[in-house]
Amino acid sequence: MSNVPADLKYTRSHEWVKSLADGTVEIGITDHAQHALGDLVFVEVPDAGRAVKAGEACAVVESVKAASDVYAPITGEITAGNPQLAGEPEAVNADAYSAWLMRLRPAPGALAAAALMSSADYEKFLAAEG
Amino acid sequence: MAFIPHTPEDVTAMLAAIGAKGIEDLFDEIPANLRVKSLAGIPEELNEMAIGRLMTERARLDGAPLNFIGAGAYEHHIPAAVWAVTTRGEFYSAYTPYQAEASQGTLQVIYEFQSMIARLTDMEVANASMYDGASAMAEAALMAVRANRKSKSLTVLVPATVHPHYHQVAAASASNMGLKFLELPYCTAEGITLVESLKKYDGQDVTALVIQQPNFFGRLEDVDALTDWAHQRGIFVIAVVNPTSLALLKPPGEWGTRGADIAVGEGQPLGVPLSSGGPYFGFMTTRMAYVRQMPGRIVGRTLDVSGREGFTLTLQAREQHIRRAKATSNICTNQGLLMTAATIYLSLMGPQGLARTAAASHARTRELVAALTRVPGVRLAFTGPYFHEAVLLLDRPVAPVLKALSAGGIHGGLDLGGYFPELGAALLVCATETKTQADIERYAHALGDVMQTARAA
Amino acid sequence: MPAREKVIFEYSHPGRGASDQWPAEPPAAALADLPAKLRRARPPELPEVGELEAVRHFTRLSQLNFSIDTHFYPLGSCTMKYNPKACNQYAMLPELLARHPLAPESHGQGFLACMYELQEMLKEVTGMQGVALSPMAGAHGEFAGVAMIRAYHRARGDLKRTEIIVPEAAHGTNPASATMCGCVVREIPVNAQGDVGLEALKAAVGPNTAGIMLTNPSTLGVFERRIEEVARIVHEAGGLLYYDGANLNAILGKVRPGDMGFDVIHMNLHKTFSTPHGGGGPGAGAVGVGTRLMPFMPLPIVGKEGERFRWLTQVDLPQSIGRLSAFMGNAGVLLRAYIYMRLLGRDGMRRVGEYATLNANYLLTRLKAAGFDAAYPERRASHEFIVTLKRQAREHNVTAMDFAKRLLDYGFHAPTTYFPLLVPECLLIEPTETESKDILDAFVAAMSQIQKEAEQEPERVRGAPHTMPVRRLDDVRAARQLDLTWKPAAQP
Chain A
12 MSNVPADLKY
22 TRSHEWVKSL
32 ADGTVEIGIT
42 DHAQHALGDL
52 VFVEVPDAGR
62 AVKAGEACAV
72 VESVKAASDV
82 YAPITGEITA
92 GNPQLAGEPE
102 AVNADAYSAW
112 LMRLRPAPGA
122 LAAAALMSSA
132 DYEKFLAAEG
Chain B
5 MAFIPHTPED
15 VTAMLAAIGA
25 KGIEDLFDEI
35 PANLRVKSLA
45 GIPEELNEMA
55 IGRLMTERAR
65 LDGAPLNFIG
75 AGAYEHHIPA
85 AVWAVTTRGE
95 FYSAYTPYQA
105 EASQGTLQVI
115 YEFQSMIARL
125 TDMEVANASM
135 YDGASAMAEA
145 ALMAVRANRK
155 SKSLTVLVPA
165 TVHPHYHQVA
175 AASASNMGLK
185 FLELPYCTAE
195 GITLVESLKK
205 YDGQDVTALV
215 IQQPNFFGRL
225 EDVDALTDWA
235 HQRGIFVIAV
245 VNPTSLALLK
255 PPGEWGTRGA
265 DIAVGEGQPL
275 GVPLSSGGPY
285 FGFMTTRMAY
295 VRQMPGRIVG
305 RTLDVSGREG
315 FTLTLQAREQ
325 HIRRAKATSN
335 ICTNQGLLMT
345 AATIYLSLMG
355 PQGLARTAAA
365 SHARTRELVA
375 ALTRVPGVRL
385 AFTGPYFHEA
395 VLLLDRPVAP
405 VLKALSAGGI
415 HGGLDLGGYF
425 PELGAALLVC
435 ATETKTQADI
445 ERYAHALGDV
455 MQTARAA
Chain C
266 MPAREKVIFE
276 YSHPGRGASD
286 QWPAEPPAAA
296 LADLPAKLRR
306 ARPPELPEVG
316 ELEAVRHFTR
326 LSQLNFSIDT
336 HFYPLGSCTM
346 KYNPKACNQY
356 AMLPELLARH
366 PLAPESHGQG
376 FLACMYELQE
386 MLKEVTGMQG
396 VALSPMAGAH
406 GEFAGVAMIR
416 AYHRARGDLK
426 RTEIIVPEAA
436 HGTNPASATM
446 CGCVVREIPV
456 NAQGDVGLEA
466 LKAAVGPNTA
476 GIMLTNPSTL
486 GVFERRIEEV
496 ARIVHEAGGL
506 LYYDGANLNA
516 ILGKVRPGDM
526 GFDVIHMNLH
536 KTFSTPHGGG
546 GPGAGAVGVG
556 TRLMPFMPLP
566 IVGKEGERFR
576 WLTQVDLPQS
586 IGRLSAFMGN
596 AGVLLRAYIY
606 MRLLGRDGMR
616 RVGEYATLNA
626 NYLLTRLKAA
636 GFDAAYPERR
646 ASHEFIVTLK
656 RQAREHNVTA
666 MDFAKRLLDY
676 GFHAPTTYFP
686 LLVPECLLIE
696 PTETESKDIL
706 DAFVAAMSQI
716 QKEAEQEPER
726 VRGAPHTMPV
736 RRLDDVRAAR
746 QLDLTWKPAA
756 QP
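Residue numbers (the numbering used here), protein chains in the order written: chain A, 12 to 141; chain B, 5 to 461; chain C, 266 to 757.
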């Protein structure tokens, strides 16, 4: 059974979103996603300062068998990519919810406009996806 | 039946097991109107003796001329051991090493090949080979677009001194992806690309600059200055190099202050016969930082479950069988057999043998140039150093001269008229270590005779 | 099999070398014209070994491989048939090897005659109107084919047509090649019997359709029965049909892609026409076209004027998609295919399709009788078929990969595993026509034995292979701790 923390928001492409105190958000991939990919061997994160649109591919997670794009859940500007992951992609497998990929400052109004799910909805979504 | 071992009893037993009356029954799902009626255009079969005779006759038709053509494919001595070992069935008839445990031989050869090519070019990492030098350059341009994230223009500068066929292959291979190849003019006195000719691109968004060394004319480009010019402007440098020359010439990893970003080339000089143009192989190298943008197969060393060393295909998530439409390239083969030959060739040559081959080829070409330019009406086209290939200018059209030489069993070089009309009657000649002093004298005499006869007439 | 072999650099001793193979050292003055700033400072660190050391090393490495010459290699979709020795020997006659690609046509009439006749024979056996030989692999042929489709639409001013339809079971090269041609890929499903869903196809085609790429028989090992209907739908929508020749062996001499309605095809000469796979190449991906695409064929092509053969150039085909190789593609591979086709002749060509199909159907029948599940039990096998080990995975926790690895211990190369992606736990098995009934029976016996092991001692299967030079390799370590070139200090 996948681990879906209640205090986060989720996307249909299996990203999680956490609101930080300074108004930015932290983004990673869910436990379900890391499990489906298997042992990660490479993670590419975006550079700070990059402007992204919701739905735009902005990071890559790669295992031996698959490579998958990670999409920006919200329009805004990247404030940081997690520098730890370049040398330690396995951190995502170890704990998908502490190994964030990027931080982003949402554009005005973008957070409210983003199509995010609650943990309960994401669990239902996972169950329906089979 | 050719290559089919079935006896009539086998066929009967197999059909009985399937529950079919005849082999035709097995095709009953194919609409009858689509079935082949006749293959009249295919000749009757030949047995091995007859095909041997036919091919021997065909080969004899092509003769054994004395060859002085280079232009991207070079006639070097190939040690007997190279193809004796390469054509062993275990290399020749194996598939791509997907089942690593049953393909350690091929995988280790690739690993050794990658190591040798990286050392020869002084780059950090090499792939398991590309189709040929020209397609490797086209793939390098596509790779530069992926790797040079600062540039959005998809513009690649390609000097006119790069092999004209490479220009054509790049355009045919990469234009559909939106790449623009801009040709840089060359200095007609020196036959090289001048840094001044790049000035008009100052301040423009350019993705990559290609530099071929030696260039198509055999001339040596000022690779340090060109590389630094590009890097100061955030432009990637794609080196196109002759592997034999790298025993003597500065490797792309050391060009300019930072070295080239990608280096590719035609691997044919490393133990692969001329064979009318193929199969050859391209090699491709880069910096570790860009390895995930590199196309093609890559082998890595790792451990098995019991801790033994072994080799396996790695970084496969870049490739078409996983990423499909998002792969770095559609390439799925490499030129495995040719790469195997090259690995054996480089092992037999070592640093000394390769350096001697390069030096002897260069020395022979200098002797050739000296001998030919003693013939009245023949002079060297460009000033400045060249490597094992040079352009001569004749005082009359090249084609009839080559034709007369060819009638005497000498292939005297490549007529550049169709490629570089502005040079006039230009002839690209090459000699390698395979040519003797007597061969060179024979060519010089024949050329003297041809020019004399033409003058008299 | 023998144990592992050292890396060649570990045999190296400074000053050793196969010096008999080297030319004499020219006087230093011969290099005096090369400026110091363009010279290499240190010699490249290549291995320094004697000739016998090198020969032994590479011979030992060869012995670590499975190959057709040594093992049954039923690798689905790869057509691992016997590569006749005559094809190699007669393609390597000294005059053919020594011929320079830019040598005059007058000294190439023998070679050019072979190439011209190869073009003609390939046209006849595929039912196409023109053939170009220069693409150097299957994927390269795919690129050429899709590029011709694009050029055709462009030449008509039909610039919107950039969508290529690909069934979801297609080889990964199909979408990748289409992308490299600047096309957008649209995947459509296949139905439960393995045929393209016609409704999905009708919904997918339209004014943006450039074409569809199909393999027939498909990668599911069954013949696309409604191919004429598929052709009609795509053509009526203004698109063209691309035939991926990966499975041409199944129908050689029986059905021709040109007669099915295809406009363009690539042929994997290293599959159907038995040129060697060489551990991953060289291949050859000749393309054939119908009348509409003739003007766009890649160069060079061999033409015939009277009794003389000559290269066709941009002057002859001004609308050509251009040149895809520096010279003439994999010419030596093309010679091998030519020799193979002449050895087979007209009747031999037909026997290829017939006996490849007989062997596949026999093997499928025997495996079903031994308790294995066919993925498409109601269908005829083509030259290959799919067995699904879903049940074994569920009941014994033994996967298709485990079966594949255990087969190596029994002296059989593994079939293709986990392709096509839409059949779970699948083995795609292609025996080819050159294997005898005895070999097929032995393979069935090995599969049955492994099945027994899966029931009684599954650990033995899950831990396989046990008799190879290495056991299962750590792919995750290989990708995380990249070791791609040998370094003296970086011994693991």
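Every residue, glycine too, gets a C-beta built ideally from N, C-alpha and C.
Find out if the Cβ-Cβ distance for the pair N104 of chain A, L51 of chain A is shorter than 8 Å.
Position 93 of the first sequence holds residue 104 of chain A. Position 40 of the first sequence holds residue 51 of chain A. It is a contact, given that the beta carbons lie within the stated cut-off.
Name the residues in the stretch 9-40 of chain B whose C-beta lies less than 8 Å from a C-beta of chain C; which are they?
Within the stretch 9-40 of chain B, the residues whose Cβ lies closer than 8 Å to some Cβ of chain C are P9, H10, D14, V15, A17, M18, L19, A21, I22, G23, A24, I27, L30, F31, D32, E33, I34, P35, L38, R39 and V40, listed in chain order.
Check the Cβ-Cβ distances between D667 of chain C and every residue of chain A, and say whether any is below 8 Å.
Start at 1 with the first residue of the third sequence, and residue 667 of chain C comes out as number 402. For D667 of chain C, the answer is no, since every Cβ of chain A falls outside 8 Å of its Cβ.
May I ask you to report which of helix, strand or coil DSSP gives G523 of chain C?
In the third sequence, residue 523 of chain C corresponds to position 258, counting from 1. In the three-state reduction of the DSSP assignment, G523 of chain C falls in the helix class.
Is it buried or exposed, A20 of chain B, if we count other Cβ atoms within 10 angstroms and call 16 or more buried?
The residue given as residue 20 of chain B occupies position 16 in the second sequence. Exposed, since its Cβ has fewer than 16 Cβ neighbours within 10 Å.
For the putative contact between P587 of chain C and P563 of chain C, defined by C-beta atoms under 8 Å, what is the C-beta separation to the nearest angstrom?
Against the third sequence, residue 587 of chain C aligns to sequence position 322. Against the third sequence, residue 563 of chain C aligns to sequence position 298. A small fix is needed here, since residue 587 of chain C is Gly in this sequence, not Pro. Confirmed, Cβ separation roughly 7 Å.
Buried or exposed for P189 of chain B, please, with buried defined as at least 16 other CB atoms from any protein chain shown within 10 angstroms of its CB.
Translated into the one-based positions of the second sequence, residue 189 of chain B becomes position 185. P189 of chain B should be labelled exposed.
Can a CB atom of chain B be found closer than 8 Å to the CB of H138 of chain A?
As a working note, residue 138 of chain A is residue 127 in the first sequence. According to the sequence provided, residue 138 of chain A is Ala. The question's His does not apply to it. No, no contact with chain B.
P163 of chain B - containing beta strand (DSSP E), residue span
As a working mapping, residue 163 of chain B is identified with position 159 in the second sequence. T159 to P163 is the span of the beta strand (DSSP E), which, as asked, contains P163 of chain B.
Less than 8 Å between CB atoms is the rule here; does A83 of chain A satisfy it with respect to chain B?
Numbered from its first residue, the first sequence carries residue 83 of chain A at position 72. Taking Cβ atoms only, chain B never reaches closer than 8 Å to A83 of chain A, which makes this a no.
Please name the residue in B:R39, B:V373 and B:D126 whose C-alpha comes closest to that of A267 of chain B.
Indexing the second sequence from 1 puts residue 267 of chain B at position 263. Looking at the Cα atoms, B:D126 is the closest of the given residues.
Which chain C residues sit within Cβ distance under 8 Å of C191 of chain B?
Your numbering for residue 191 of chain B matches position 187 in the second sequence. By Cβ distance, chain C contributes nothing, its closest Cβ being about 17 Å from C191 of chain B, past 8 Å.
By a C-beta neighbour count over all protein chains shown, 10 Å radius and 16 as the cutoff for buried, is E105 of chain B buried or exposed?
Here residue 105 of chain B is taken as the residue at index 101 of the second sequence, counted from 1. Around the beta carbon of E105 of chain B, 16 or more other beta carbons lie within 10 angstroms, which makes this residue buried.
Which of helix, strand or coil does DSSP assign to A91 of chain A?
Walking along the first sequence from the start, residue 91 of chain A turns up at place 80. A91 of chain A: strand per DSSP, three-state reduction.
For a test of the three-state rule: what should DSSP assign to S107 of chain B, helix, strand or coil?
For the purposes of this step, residue 107 of chain B is taken as residue 103 along the second sequence, with counting starting at 1. Three-state DSSP puts S107 of chain B in a strand.
Distance, L198 of chain B Cα to G354 of chain B Cα:
Counted from its first residue, the second sequence places residue 354 of chain B at position 350. Counted from its first residue, the second sequence places residue 198 of chain B at position 194. Their Cα atoms are separated by approximately 35 Å.
Suppose contacts are defined by Cβ-Cβ distances below 8 Å. Is Y78 of chain B in contact with Q272 of chain B by that definition?
On the second sequence, residue 78 of chain B is found 74 positions in, with the first residue counted as 1. On the second sequence, residue 272 of chain B is found 268 positions in, with the first residue counted as 1. For Y78 of chain B and Q272 of chain B, yes; Cβs fall inside 8 Å.
Three-state secondary structure (DSSP) at I85 of chain A?
On the first sequence, residue 85 of chain A is found 74 positions in, with the first residue counted as 1. In the structure shown, I85 of chain A adopts coil according to DSSP, grouped into three states.
Stretch pair the stretch 117-126 of chain B + the stretch 289-307 of chain B: three plus CB contacts closer than 8 Å
yes
Cross-chain neighbours of Y135 of chain B in chain C, by beta carbon under 7 Å:
By one-based count along the second sequence, residue 135 of chain B stands at place 131. Going along chain C in sequence order, the residues near Y135 of chain B (Cβ under 7 Å) are M401, A402, H405 and S590.
Terminal residues of the beta strand (DSSP E) in which R305 of chain B lies
Numbered from 1 along the second sequence, position 301 holds the residue referred to as residue 305 of chain B. Looking at the DSSP string, the run of the beta strand (DSSP E) that includes R305 of chain B is V303 to L307.
According to DSSP, what are the bridge partners of P3 of chain A?
Nothing can be reported for residue 3 of chain A: it is not among the residues displayed for chain A, which extend from 12 to 141.
For T261 of chain B, which residues in the same chain have their Cβ closer than 6 Å to its Cβ, ignoring the five residues on either side in sequence?
In the second sequence, residue 261 of chain B corresponds to position 257, counting from 1. Hits under 6 Å: D232.
Got a sec? Which residues, its chain only, sit under 7 Å from D80 of chain A by beta carbon, not counting five neighbours each side?
Walking along the first sequence from the start, residue 80 of chain A turns up at place 69. Taken in chain order, the residues that qualify are A68 and V71.
Just checking: is the beta-carbon of D50 of chain A within a distance shorter than 8 Å of some beta-carbon in chain C?
Counting from 1 along the first sequence, the entry for residue 50 of chain A is found at position 39. Cβ-Cβ to chain C under 8 Å: yes for D50 of chain A.
Taking buried to mean at least 16 other C-beta atoms within 10 Å of its own C-beta, is T91 of chain B buried or exposed?
By 1-based counting over the second sequence, the position of residue 91 of chain B is 87. It counts as buried.
Determine the extent of the beta strand (DSSP E) in which V382 of chain B is found, giving its start and end residues.
Here the question's residue 382 of chain B lines up with position 378 in the second sequence. Its beta strand (DSSP E) spans residues V382 to L384.
Under a Cβ-count criterion, where at least 16 other Cβ atoms within 10 Å of its own Cβ denotes burial, should S347 of chain B be classed as buried or exposed?
Taking the first residue of the second sequence as 1, we reach residue 347 of chain B at position 343. Just to set this straight, residue 347 of chain B is Thr in the shown sequence, not Ser. Buried.
Indicate the three-state DSSP secondary structure (helix, strand or coil) for G45 of chain B in the structure shown.
Along the second sequence, one-based indexing puts residue 45 of chain B at 41. Note: G45 of chain B maps to coil in three-state DSSP.
Within 8 Å, strictly: CB atoms of A502 of chain C and T474 of chain C
Within the third sequence, numbered from 1, the residue matching residue 502 of chain C stands at position 237. Within the third sequence, numbered from 1, the residue matching residue 474 of chain C stands at position 209. For A502 of chain C and T474 of chain C, yes; Cβs fall inside 8 Å.
Within 8 Å of any Cβ in chain A, is that where the Cβ of P757 of chain C sits?
Taking the third sequence and counting its residues from 1, one reaches residue 757 of chain C at position 492. The predicted model places P757 of chain C with a pLDDT of 46, which falls under 50 and marks its position as unreliable, so this point remains unresolved.
Going by other Cβ atoms of all chains shown within 10 Å of its Cβ, with 16 needed for buried, is D29 of chain B buried or exposed?
Along the second sequence, read from residue 1 onward, the residue named residue 29 of chain B stands at position 25. Classification for D29 of chain B: exposed.
Below 9 Å on C-beta distance, what does C343 of chain C contact in chain B?
Here residue 343 of chain C is taken as the residue at index 78 of the third sequence, counted from 1. Within 9 Å Cβ-Cβ: Y99 and T100.
By DSSP, does P757 of chain C sit in helix, in strand, or in coil?
Counting from one through the third sequence, the residue named residue 757 of chain C turns up at place 492. Note that P757 of chain C has pLDDT 46, beneath the 50 cutoff, so the model's placement of it is unreliable and the number below is only indicative. The answer is coil: DSSP assigns P757 of chain C none of H, G, I, E or B.
With V487 of chain C as the anchor, note down where its beta strand (DSSP E) starts and where it stops.
By 1-based counting over the third sequence, the position of residue 487 of chain C is 222. No beta strand (DSSP E) contains V487 of chain C, which DSSP labels as neither H nor E.
Quickly, what does DSSP pair Y338 of chain C with across the bridge? List them, please.
One-based indexing of the third sequence puts residue 338 of chain C at position 73. The partner list for Y338 of chain C (beta bridge, DSSP) is empty, contrary to what the question assumes.
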